[in-house]
Amino acid sequence: MSPPNEDTYQKTLEGIETLTINLLEAVEADSQLDRTTRKRLLERLYTIHAELQPALLTVRWDPPTKDTDGGTTDE
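Letter 41 of the sequence shown, counting from 1, is numbered 606 in my numbering, and no numbers are missing.
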């Protein structure tokens, strides 16, 4: 498996966005959900979607750097 890169990061964010949109549509269309459950799910999904937008607009890949013993660090 190749190490992650900026393209992988971007595609992951886009995949999360697509999944969130699909879940929003499914919750809105599900007639078997009670009103309270639907409302809570929609609120959470809209929050996830809203929080994801800035990340999609400002994707900056900051790959982990190698430390002296060959491992990686997030510094």
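We put the beta carbon where it would ideally sit given N, CA and C, even for glycine.
In three-state terms, what does DSSP make of residue i?
i      : result
ASP572 : helix
Compare the beta carbon distance of residue i and residue j with 8 Å and say whether it is the shorter of the two.
i      : j      : result
GLU582 : LEU617 : yes
ASN585 : ILE613 : Looking at the sequence itself, residue 585 is Thr, so the reference to Asn does not match. Yes, they are a contact pair.
VAL592 : ARG600 : no
LEU621 : LEU588 : no
In terms of residues, what are the limits of the alpha helix (DSSP H) holding residue i?
i      : result
GLN618 : 600-622
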